[in-house]
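Taking it in order: structure first as structure tokens, then the write-up.
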């Protein structure tokens, strides 16, 4: 299975600040078709996870441009700028390149 | 609007069985792959498996961690996704989500249903 390693485990941020979350995979996430299926999800307290970013850097419908994804191969980053209260929760990276799909352990974003 | 609503969770004894349902609406059900994902309390999500769409013959893939014990199926006339879980263990205790699988990720999730395996 592809192991997804996220750092840091938790982050404290001031409102209006910027943060970055790292995600590394144990194998390249480049699919045979040339695409890289790395996604980012946010799970707000008491809610289901929601899709933020797909294929490394594409924002899902309705997602603010304050969220941006980058990376390639095995190293990926999610950046959140101008942090708002509604951004707080646990962020997960996930890969869909090969079965079984796997997720990172999560990064908890909290207010400083 | 895409909606996914799970049901069927609850308390079950070790070794028991349970079937979860997920009612889907707001999209053409047969066009989409559907997945089940679970999340033990305080832990990361774990993908359980997927059932493909009509164009791909409704075939299935499973996480080896549950293969042989869990079965995913779908009723395409009623737009319902199922998860049959057999020989349940304490470590199967989790919130179970159904999710639409599109573009190699999970674009919509249900609200989840709790399954507790305990004597």
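Residue numbers (our numbering), protein chains in the order written: chain A, 59 to 170; chain B, 2 to 120. Glycine included, each C-beta is placed from N, C-alpha and C at the ideal position. Keep in mind the model is a prediction, meaning the values are calculated, not measured.
- The three-state secondary structure of residue 28 of chain B, taken from DSSP, is coil.
- Burial is judged here by how many other beta carbons sit within 10 angstroms of a residue's own beta carbon; residue 93 of chain B has at least 16 and is buried.
- Buried is the label assigned to residue 7 of chain B, since at least 16 other Cβ atoms lie within 10 Å of its Cβ.
- Per DSSP, residue 54 of chain B lies in no beta strand (DSSP E) and is assigned neither H nor E.
- DSSP places residue 107 of chain A within a strand segment (E or B) once states are collapsed to three.
- In the structure shown, residue 95 of chain B adopts extended strand secondary structure according to DSSP, grouped into three states.
- By the neighbour-count definition (other C-beta atoms within 10 Å, threshold 16), residue 78 of chain B is an exposed residue.
- With a cutoff of 9 Å on beta-carbon distance, residue 83 of chain A and residue 66 of chain A are scored as not near each other.
- Taking the Cβ atoms as the reference, residue 154 of chain A lies roughly 7 Å from residue 97 of chain A, within the contact range of under 8 Å.
- The alpha carbon of residue 120 of chain B has as its nearest neighbour, out of B/17, B/32, B/56, B/5, the alpha carbon of B/17.
- Here residue 123 of chain A carries a coil assignment [DSSP, helix/strand/coil].
- Sequence-distant Cβ neighbours of residue 167 of chain A in its own chain, meaning closer than 6 Å and more than five residues away, are 69, 146.
- Taking C-alpha positions only, residue 30 of chain B is separated from residue 72 of chain A by approximately 42 Å.
- By the C-beta criterion, the region 85–105 of chain A is judged to be in contact with the region 128–139 of chain A, since at least 3 inter-stretch pairs fall below 8 Å.
- For residue 45 of chain B, the residues of chain A that pass the 8 Å Cβ criterion are 150, 161, 162, 163, 164, in the order they occur in the chain.
- The beta carbon of residue 97 of chain B sits closer than 6 Å to those of 21, 39, 114, 116, all from its chain and outside the five residues before and after it, given in chain order.
- The beta carbon of residue 107 of chain B lies closer than 8 Å to those of 36, 38, 100, 101 in the same chain, with the five residues before and after it left out.
- The beta carbons of residue 106 of chain A and residue 48 of chain B sit no closer together than 9 Å.
- When DSSP states are grouped into helix, strand and coil, residue 144 of chain A belongs to the helix group.
- For residue 75 of chain B, the enclosing beta strand (DSSP E) begins and ends at 71–76.
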